[in-house]
Amino acid sequence: MSFLSWQQETHVDDRDQRRFQLRIGELLGVIRKLEDRNALLSDERNELVKRFRETEAQLKPLLDKNRRCSKKSEDLNQTVHRLEEKIKTLSRDNLEMKERLSVQAAAHAVQAAHATVSSHMTSRAPPVGEACPAESSECQDFDETSQESQELEFLRLQVVEQQSMIDDLTKALESAAYDRNAMELDIIRWQRKQKRRSSRSSKRILAHRLVGLDRDTAMDSDSSSVASYGTDHTERTPTTSDTDLEDTMVKEESELRFRHLMHEYQALQRAYALLQEQLGGERETERETNAREQLEADLLKYQAKVEDLEKALAEKGQDTAWVEDKLHLCKRNQELLQKLHEMENDENTLKQEIQDLQDQNELLEFRILELEERERRSPGLNLLIPPFREGHSPLQWYCARQAAMEVSIHDLMKKLDLLGDNANLRNDEQVAVIQARTVLSLADKWLHQIEGTEIALQQKMIDLENEKDMFVKQKGYLEEELDYRKQALDQAYMRVRELEATLYSTLQQKPTSISPSTGSPVGGNSHARAHGMPCGSISGSGSIGASSALTRLSNGGSEGALPGLSEKEREHLQSAVEQWKRQVLSQIREYDARILRERMESLQHAQKKIRDLEKKLERQKEQVKDLEEKFLFLFLFFSLAFIIWS
1 MSFLSWQQET
11 HVDDRDQRRF
21 QLRIGELLGV
31 IRKLEDRNAL
41 LSDERNELVK
51 RFRETEAQLK
61 PLLDKNRRCS
71 KKSEDLNQTV
81 HRLEEKIKTL
91 SRDNLEMKER
101 LSVQAAAHAV
111 QAAHATVSSH
121 MTSRAPPVGE
131 ACPAESSECQ
141 DFDETSQESQ
151 ELEFLRLQVV
161 EQQSMIDDLT
171 KALESAAYDR
181 NAMELDIIRW
191 QRKQKRRSSR
201 SSKRILAHRL
211 VGLDRDTAMD
221 SDSSSVASYG
231 TDHTERTPTT
241 SDTDLEDTMV
251 KEESELRFRH
261 LMHEYQALQR
271 AYALLQEQLG
281 GERETERETN
291 AREQLEADLL
301 KYQAKVEDLE
311 KALAEKGQDT
321 AWVEDKLHLC
331 KRNQELLQKL
341 HEMENDENTL
351 KQEIQDLQDQ
361 NELLEFRILE
371 LEERERRSPG
381 LNLLIPPFRE
391 GHSPLQWYCA
401 RQAAMEVSIH
411 DLMKKLDLLG
421 DNANLRNDEQ
431 VAVIQARTVL
441 SLADKWLHQI
451 EGTEIALQQK
461 MIDLENEKDM
471 FVKQKGYLEE
481 ELDYRKQALD
491 QAYMRVRELE
501 ATLYSTLQQK
511 PTSISPSTGS
521 PVGGNSHARA
531 HGMPCGSISG
541 SGSIGASSAL
551 TRLSNGGSEG
561 ALPGLSEKER
571 EHLQSAVEQW
581 KRQVLSQIRE
591 YDARILRERM
601 ESLQHAQKKI
611 RDLEKKLERQ
621 KEQVKDLEEK
631 FLFLFLFFSL
641 AFIIWS
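Each residue of the sequence shown is one higher than the one before, counting from 1 in UniProt numbering.
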């Protein structure tokens, strides 16, 4: 019986071992695939890291050059501002000189007119006493006109010099060198595009302010010119006398006419300024800002060309390899710029995608809020699953509480069909009935699937319970076999004790039968065979009884238990007994240790299998419990939906 049980156990163990080996082989295959996938992913990661480092190393000189170009552009902007300020000051001085010239020319014309009038007045028969003062006044007028003409000439020379300086400056700005690298121009244009977006509003405000200041200065200059002309005219008019009433009348009339004309001129200027502000102010400011930006860009371009020409002239005597390197670097910089633009485009697309995702997220949040509001307004549904009694599922407990034995989806479908055949339903009610019918059909499919999975899980649980019972039986068989072998071992111990006692008694009764040549362990074994004692039983005997008997045998020589033996034979026999004792004890220990190790391994293997089976059972129970809870939730949901829709 024990042999059959052992054979059955070995057969089951072999079958389990083969199944486990197949499972281990499958797992090893999966592990190898995962390792290959991991190796490929690590290679791709290393390649991406390498490419990232290469691009970073390539972009570093471009970033340094971009930094240098930005610094150079800042310096050029400062120089442009200085030149603009210088041009403004020169243009202001030029305008002042022109105004002075115009005022002096007008004063000269007025004085000439006065001189002609006075000459006409003196041509009328003047008295003799008055001839000399007229001649003296004419001389004074001639001296004044000569001085004014000299001043005019001096002022004209100054104007010509300033105009030549302005022309030189404009030529210096326009005659800058024309070979600037396309890369640097692209960088400057790109930087200006980026800056223009941020500083366009501030530039417009500044342009409006500058235009207002220019108009205010123009009006102030006009008024100051008129005032200076009036003062000069009043200062340079000759004093009237009591005798020249006609001259004074003519002068007063001319002064009144001139003042009237100046007032009209000032009024026209004010009206024109107001009209210009109302109509073309914004256009002029936009034109001025565009022209200023264009001039700044041209100035930067020409200054860059000048620097390139200066560098080319300074490095004219070098090799052509430098030129080739420069061209190669320019080409490389253009490629990097193109890559930079592509990266910016990718960044913009990614930002757009992120914005779209954020919009979708906001829409989903809004939808969630709507659903929460609808759920809040809908009648309350208590879906809290109460703790159920052990041995009953939640569905069984709910059906028992509601006094419902089973729920038929086909009956619900028939009720929905009858409800849908009613012609008095509204459109929204018909839509609700159709939706309920589709939901119930889906629920029927889900229930069939759940039933199939439940049957499969129950079958699997039954198989696992059978395996558990089989392992428990195997464990019982192993324990029975262990007890049987322990009993056999105890019987062997008893047999060894009997044999030891027999050996001891024979050695005491027949001491003369031991010859002097049989002092070896072989002689002892032959003596045992002569008395019918098997050596195998002695060698396989128990450790406790053998050790006690051999101890008595070894101590018998000293006690006088073996008479008729010499001292040397006694010692030889005692050493042989000790050696045999040690050999028997070592064999017994090895045998016990091997049996104990095998039993412990089989016991651990059985316990491990039992633990695995218990874990599987727990998982299966959890899955069944989840399925029952889901089914309960579906049942409650469909019943509530049917109640609401009906």
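All residues carry an ideal CB built from backbone N, CA and C; glycine is no exception.
Inter-residue distance for E85 and I166 is about 13 Å (C-alpha atoms, whole angstroms).
Contact holds between the stretch 464–482 and the stretch 598–608, because three or more Cβ pairs, one in each stretch, are under 8 Å apart. Look at S505 here: in three-state DSSP terms it is helix. CA-CA distance, E618 to E628, rounds to 15 Å. Beyond the five residues adjoining it in sequence on each side, Q104 comes within less than 8 Å, by CB distance, of E148, E151, L152, L155 in the same chain, given in chain order.
DSSP, reduced to helix, strand and coil, places S70 within a helical segment of the structure shown. By the neighbour-count definition (other C-beta atoms within 10 Å, threshold 16), V160 is an exposed residue.
With the rule of 3 Cβ pairs closer than 8 Å, the stretch 81–101 does not count as touching the stretch 353–363.
In the pairwise beta carbon analysis, the stretch 436–449 is classified as not touching the stretch 570–582: fewer than three pairs are separated by under 8 Å. Using a Cβ distance threshold of 9 Å, L447 and F631 count as a contacting pair. Taking L299 as reference, the option from E74, M343, L596 with the minimal CA-CA separation is E74. Of all C-beta pairs linking the stretch 252–262 to the stretch 35–46, fewer than three are shorter than 8 Å, placing the two stretches out of contact. DSSP places S441 within a helical segment (H, G or I) once states are collapsed to three.
Between A443 and the set L457, D325, F635, D463, the nearest pair of CA atoms involves F635. Linking Q430 to F366 through their CA atoms gives a straight-line distance of about 28 Å.
Annotated as proximal: I595 and R485, with beta-carbon spacing under 9 Å.
For K301, the number of other beta carbons within 10 angstroms of its own is at least 16, and it is reported as buried.
DSSP places S566 outside both helix and strand once states are collapsed to three, so it counts as coil.
When DSSP states are grouped into helix, strand and coil, D308 belongs to the helix group. Between the beta-carbon of L59 and that of L336 there is about 7 Å, and that keeps the pair under the 8 Å contact cut. If you check the CB distance, L340 and L90 do not come in under 9 Å. The distance from the Cβ of M461 to that of Q587 is about 49 Å, inconsistent with a contact at the 8 Å cut-off. L364 has its alpha-carbon roughly 20 Å from the corresponding atom of K351. G25 and E479 have their C-alpha atoms some 32 Å from each other. Judged by their CB atoms, L412 and F637 are not nearer to each other than the 9 Å cut-off. Between I644 and the set K581, A432, M600, K311, the nearest pair of CA atoms involves A432. Straight-line spacing of the CA atoms in N361 and L369 works out to 12 Å. When secondary structure is reduced to three states using DSSP, D421 falls in the coil class, being assigned neither helix nor strand.
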